[in-house]
Amino acid sequence: MSYLAAAPDFLASAARDLSDIGTQITAANAAARNPITALLPAAEDEISAAISSWFAGHARDYQVLSNRAAVLHEQFVQALRGAGSVYAAAEAANSSLLQTLEQNILAAINAPTNFLLVSRVIN
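The sequence shown: position 58 = 58 (the UniProt record's numbering), numbered continuously.
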């Protein structure tokens, strides 16, 4: 049997940290967008223009992949936040069930004693 311990507070903290990292990466990509996609040719010849165009194409591809990665990153952060909430709700439900079970067991154990004490007081 596997044993898993998870703390909703740690999951929420990790989600916040990952969200902050995603924000910083997105800001860095936005700041780099124009400098890397609008690279000017080093000279006025067609080889320099072709190389500049080739680098700009790679920069555009990088931006597309970066945007996709940002979407996946945000989905992961949302899943992590959701997991923390679901785990906390499951813990609360299990705790409630265990408390009810505990009360029922204690009532069954204490029933004979309560019967003797109550019947002696009444008689």
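Backbone N, C-alpha and C fix where the C-beta goes; we use that ideal spot for every residue, glycine too.
Nothing here was measured: the structure is a model prediction, and the numbers come from that model.
Are the beta-carbon atoms belonging to Leu40 and Ser53 less than 8 Å from one another? no
Taking the alpha carbon of Ala27 as the point to measure from, which residue in Thr37, Phe10, Gln75 and Ala70 has its own alpha carbon closest? Ala70
Collapsed DSSP secondary structure at Asp45 in the structure displayed: coil
Ala15 vs Leu80 beta-carbon contact at 8 Å: yes
Nearest candidate by alpha-carbon position, reference Ala12, set Ala42, Tyr62 and Gly82: Gly82
As assigned by DSSP and simplified to three states, the class of Leu40: coil
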